[in-house]
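*Asks:* Starting off with a structure, shown below.
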Amino acid sequence: GLKRTKSGRTVRELSGGGSEARLARTVTMDAAKIEDLLGINVEQFIHELRQSFEEADVNKDGLLGIDELYPYFRSQKMLLNKESVIALIAIFDVGNGMIDFRAFKNICYDLLVEYASFQEEGSEERLQSFRS
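Under the numbering used here, the residue at position 34 of the sequence shown is numbered 87, and the numbers go up by one with no gaps.
What follows is the structure, given as structure tokens:
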């Protein structure tokens with residue numbers, strides 16, 4: 054279910070590998086931003102992300118680790134260094150340094166939509182930590 058953290062952020066509680074529960078960051082997609090910045094609706098965006106996830110998932114196990122995600126981002130000309138990709142995986146980690154499609158979707162939304170919003174607002178300097 055959903056839980057509220059001390060900071061007031063709502064997170065979804067997921068069961069992890071044994072009895073431990075993990076808190077995963079929940080990203081709410083802004084349909085207007087997606088349509089304005091990318092020219093497609095949310096359903097099309099998610100469909101494209103699913104295809105991208107399947108392309109990145111070289112071993113077809115339904116999970117992405119650094120060895121699949123980093124080369125995929127590089128192939129897509131995304132300006133992320135390896136340390137940044139490791140940090141992104143850590144935020145959404147579903148266990149053993151891996152992310153699932155839900156996490157991939159959230160990461161890509163943050164990178165593609167929120168990043169583009171920052172650029173449009175002329176706040177590119179706030180994103181320097183993501184650059185290689």
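Where is the CB? At the ideal position from N, CA and C, for every residue including glycine.
(1) For Glu108, which option in Phe126, Ile93 and Tyr168 has the closest C-alpha, if you only look at C-alpha atoms?
(2) Which word fits Val138, buried or exposed, when buried means at least 16 other C-beta atoms lie within 10 angstroms of its C-beta?
(3) State buried or exposed for Gly54, treating a residue as buried only when at least 16 other CB atoms are found within 10 Å of its CB.
(4) Could you check which residue in Asp120, Val147 and Phe145 has the C-alpha nearest to that of Asn134?
(5) My output table needs one value for Ile160: the three-state DSSP class, helix, strand or coil.
(6) Could you tell me which of Tyr162, Pro124, Ala169 and Tyr168 sits nearest to His100, measuring between CA atoms?
(7) Grouping DSSP H, G and I as helix and E and B as strand, with all else coil, what is Leu165?
(8) Kindly indicate which three-state DSSP category Ile152 falls into: helix, strand or coil?
(9) Can you tell me whether Asp110 is buried or exposed, with buried defined as 16 or more other CB within 10 angstroms of its CB?
(10) Please list, in chain order, all residues of the same chain as Leu102 whose beta carbon is under 6 Å from its beta carbon, the five residues on each side excluded.
(11) What separation, rounded to the nearest whole angstrom, lies between the Cα atoms of Arg75 and Ser128?
*Replies:* For this structure:
(1) Against the sequence shown, residue 108 aligns to sequence position 55. Residue Phe126 is the option with its Cα nearest to Glu108.
(2) The sequence position of residue 138 within the sequence shown is 85, counting from 1. By the neighbour-count rule (16 or more Cβ atoms within 10 Å), Val138 is buried.
(3) In the sequence shown, counting from the first residue as 1, residue 54 sits at position 1. With a pLDDT of 38 at Gly54, under the threshold of 50, the modelled position of that residue is not reliable, and no figure is offered here.
(4) Residue numbering aside, residue 134 sits at position 81 when the sequence shown is read from its first letter. Per the Cα distances, Asp120.
(5) In the sequence shown, the residue the question calls residue 160 occupies position 107. Three-state DSSP puts Ile160 in a helix.
(6) Taking the first residue of the sequence shown as position 1, residue 100 is located at position 47. When each option's Cα is compared against that of His100, the closest is Tyr162.
(7) The count along the sequence shown starts at 1 and reaches residue 165 at position 112. Three-state result, Leu165: helix.
(8) Position 99 of the sequence shown, counting from 1, holds the residue named residue 152. Strand.
(9) For this step, residue 110 is matched to residue 57 along the sequence shown. Under this definition Asp110 is a buried residue.
(10) Your numbering for residue 102 matches position 49 in the sequence shown. Counting only Cβ-Cβ distances below 6 Å, and skipping sequence neighbours, we find Lys158 and Cys161.
(11) Start at 1 with the first residue of the sequence shown, and residue 75 comes out as number 22. Start at 1 with the first residue of the sequence shown, and residue 128 comes out as number 75. Caution applies to Arg75, whose pLDDT of 42 falls short of 50 and renders its modelled position unreliable; the value that the coordinates give is listed next. Our two residues, Arg75 and Ser128, have alpha carbons roughly 31 Å apart in a direct line.
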